[in-house]
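A short write-up of the structure that comes next.
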C-alpha cells in the first residue's frame with residue numbers, strides 16, 4: 109500500500125507540474141514583433157505578481 113501511495117503522490121506532482129507549465133504556454137503560436145513581445149512579457153509579469161499577491165493571502169496556489 110505504501111508503494112502505491114508513493115507512486116500516486118509522484119504521479120500527482122508530475123501532473124501538477126505539467127499542467128502548471130501548460131498554463132504558461134500560449135494556446136496558439138503567434139509571431140509577435142519584439143516590441144509586442146516586450147509589452148506582453150511586462151503585462152504577464154504584472155498579472156503574475158498580482159495573482160501571487162492575491163493567492164499569497166489565501167495560500168492556495170504557488171506562482172513561480
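Numbering (the working numbering), first residue to last: 109 to 172. Backbone N, C-alpha and C fix where the C-beta goes; we use that ideal spot for every residue, glycine too.
Rounded to the nearest whole angstrom, the C-alpha separation of residue 151 and residue 157 is 10 Å. Between the alpha carbons of residue 163 and residue 154 lies a distance of about 14 Å.
Secondary structure of residue 137 (DSSP, three-state): coil.
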